[in-house]
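The next block holds one structure in the form of structure tokens; read it before the comments.
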Amino acid sequence: MAKIENICVLARATPDDKLLMVQSLKQKGHVVAFIGRGIGDAQALREANVGLCFGTQGAEIVKACSAIVMSCKDFPFIIDILTWGRGIYDSVQIYTQFLLIASFVALVIDFVMAVSSSEPPGLSAVVAVSTGKIPFPVFQPLWMKLIAGTLAVLALNIEKPSQDVMRRPPRNLKEPLITAQMRKKIGAQALYQIAIFLVIHFKGKSLFNVNDQEKDSLVLSTYILCQAFNIFNPRLLEKNIFEEMQKKKLLLSVIGLIISIQFIMVELLNGFSGTARLGFGQWGLVYSLFCCTFYGHLVC
Numbered sequence: 009m010a011k012i013e014n015i016c017v018l019a020r021a022t023p024d025d026k027l028l029m030v031q032s033l034k035q036k037g038h039v040v041a042f043i044g045r046g047i048g049d050a051q052a053l054r055e056a057n058v059g060l061c062f063g064t065q066g067a068e069i070v071k072a073c074s075a076i077v078m079s080c081k082d083f084p085f086i087i088d089i090l091t092w093g094r095g096i097y098d099s100v101q102i103y104t105q106f107l108l109i110a111s112f113v114a115l116v117i118d119f120v121m122a123v124s125s126s127e128p129p130g131l132s133a134v135v136a137v138s139t140g141k142i143p144f145p146v147f148q149p150l151w152m153k154l155i156a157g158t159l160a161v162l163a164l165n166i167e168k169p170s171q172d173v174m175r176r177p178p179r180n181l182k183e184p185l186i187t188a189q190m191r192k193k194i195g196a197q198a199l200y201q202i203a204i205f206l207v208i209h210f211k212g213k214s215l216f217n218v219n220d221q222e223k224d225s226l227v228l229s230t231y232i233l234c235q236a237f238n239i240f241n242p243r244l245l246e247k248n249i250f251e252e253m254q255k256k257k258l259l260l261s262v263i264g265l266i267i268s269i270q271f272i273m274v275e276l277l278n279g280f281s282g283t284a285r286l287g288f289g290q291w292g293l294v295y296s297l298f299c300c301t302f303y304g305h306l307v308c
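Numbering (our numbering), first residue to last: 9 to 308.
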């Protein structure tokens, strides 16, 4: 056991030798991947954290015991598997963080608006169809769902994993999916966005000299733009934001698309979306609050 850390090559190894090495490495706390070929490797494949085999060479029992069956028999292909595996795990973390922020803030917004409003939350479906106007409470969740369910997923999957993932050591298997750093960012971003909403909702008319419809447009536009940046924000995890911006051109394009659609909805399709046009000063306020989300990432 004491020598296991220094073994680089194990020549003429029997199946029992391979199994013992896998077990010893796991006892030392390592994440073990094992590549099997013959029937004798079945036990070691089951014991390893990740069992791999080449689909063109391995026996059927070996394939059945493997977690990953590789169609390519080139050894460097394993590096690609590791890169994509870590990239997928990062994407799961990123989307989880984004979805928790967006969902929690949306829940608070809906609850406060429902409780504080003296009118019903929205028109009925029959009235909406007959008048040709979709009420804001109906449009808002549809647009939010489009971001969270479609555009955010698209943004997270349009680019290949960064090669930086291979410079990191294997993660601790006991580490939770939502890390302490992620919890800190989720809490900070959610509290910031909720604070913005509460100020605009209760004091917006007097502070910014707007009517009720313009106030709702401010709330919606600020929420959408903050979520657009949060697609990019958690993707960085603990990376340098300025360095990563230069590498994520497609991701930035999706964020730009979301911002453009929101602007068109408010300024050109306001009759359909139930929003009101905003002036230059009001848009300046929205973009200032949006940029503060950027700053929040730097300090968290």
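Yeah, the Cβ is synthetic: ideal placement off N, Cα and C, and Gly gets one too.
Beta-carbon proximity of residue i to residue j, cut-off 7 Å
i: Leu164; j: Ser99; result: yes
i: Ile109; j: Ile194; result: yes
i: Gln221; j: Ala122; result: no
i: Val294; j: Ser214; result: no
i: Val161; j: Arg94; result: no
i: Ala357; j: Ile69; result: Outside the shown range of the chain, which is 9 to 308, sits residue 357, and nothing can be said about it.
i: Ile86; j: Ala67; result: no
i: Ile269; j: Ala236; result: no
Best match in the options for proximity to residue i [C-alpha to C-alpha]
i: Pro177; options: Lys213, Lys223, Thr91; result: Thr91
i: Asp88; options: Leu33, Gln171, Gly46, Asp118; result: Gln171
i: Phe271; options: Leu150, Leu233, Asp118, Arg191; result: Leu233
i: Asp118; options: Val227, Leu293, Ser296; result: Val227
i: Val39; options: Val30, Gly46, Arg45; result: Val30
i: Lys11; options: Met273, Gln35, Ser268; result: Gln35
i: Val113; options: Arg175, Asn14, Ala196; result: Ala196
i: Asn180; options: Ser32, Ile15, Gly37; result: Gly37
i: Lys153; options: Arg94, Leu199, Val173, Leu115; result: Leu115
i: Pro23; options: Cys299, Glu13, Ile43, Asn14; result: Ile43
i: Ile267; options: Val70, Val17, Trp291; result: Trp291
i: Leu286; options: Ile86, Leu150, Asp224; result: Asp224
i: Ser261; options: Leu159, Ser32, Val120, Gln101; result: Leu159
i: Tyr231; options: Gly63, Cys299, Ala21, Arg20; result: Cys299
i: Ala41; options: Tyr97, Val120, Leu60; result: Leu60
i: Ser32; options: Gly279, Arg45, Ile15; result: Ile15
i: Val120; options: Val17, Phe210, Leu276; result: Phe210
i: Pro84; options: Phe62, Ile96, Val274; result: Phe62
For residue i, the first and last residue of its enclosing beta strand (DSSP E)
i: Cys61; result: 58 to 62
i: Val77; result: 76 to 78
i: Gly44; result: 41 to 44
Range of the contiguous alpha helix (DSSP H) that encloses residue i
i: Gly195; result: 188 to 216
i: Val120; result: 85 to 124
i: Ile269; result: 257 to 275
i: Ile69; result: 68 to 73
i: Asn165; result: 160 to 165
Three-state class that DSSP yields for residue i in the structure shown
i: Pro143; result: Because the pLDDT of Pro143 is 44, which lies under 50, any placement of that residue in the model is unreliable, and the question is left without a value.
i: Thr22; result: coil
i: Ser170; result: coil
i: Val17; result: coil
i: Gly292; result: helix
i: Glu55; result: helix
i: Arg175; result: helix
i: Thr37; result: For the record, residue 37 in the displayed sequence is Gly; it is not Thr. Three-state DSSP puts Gly37 in coil, outside helix and strand.
i: Thr230; result: helix
i: Leu286; result: coil
i: Glu222; result: helix
i: Leu28; result: helix
i: Asp49; result: helix
i: Leu185; result: coil
i: Lys310; result: The structure shown does not extend to residue 310, since the chain is modelled only from 9 to 308, so the question has no answer here.
i: Ala10; result: coil
i: Asn238; result: helix
i: Asn278; result: helix
Three or more C-beta pairs closer than 8 Å, one from the stretch 99 to 119 and one from the stretch 185 to 192: is that the case here? Touching, per the Cβ criterion.
I want to know whether the stretch 67 to 84 touches the stretch 199 to 214 - three or more CB-CB distances under 8 Å. By the Cβ test, the stretch 67 to 84 is not in contact with the stretch 199 to 214, since fewer than three Cβ pairs between them sit closer than 8 Å.
Closer than 8 Å is the cut-off here; do at least three beta carbon pairs connect the stretch 47 to 58 with the stretch 67 to 76? yes
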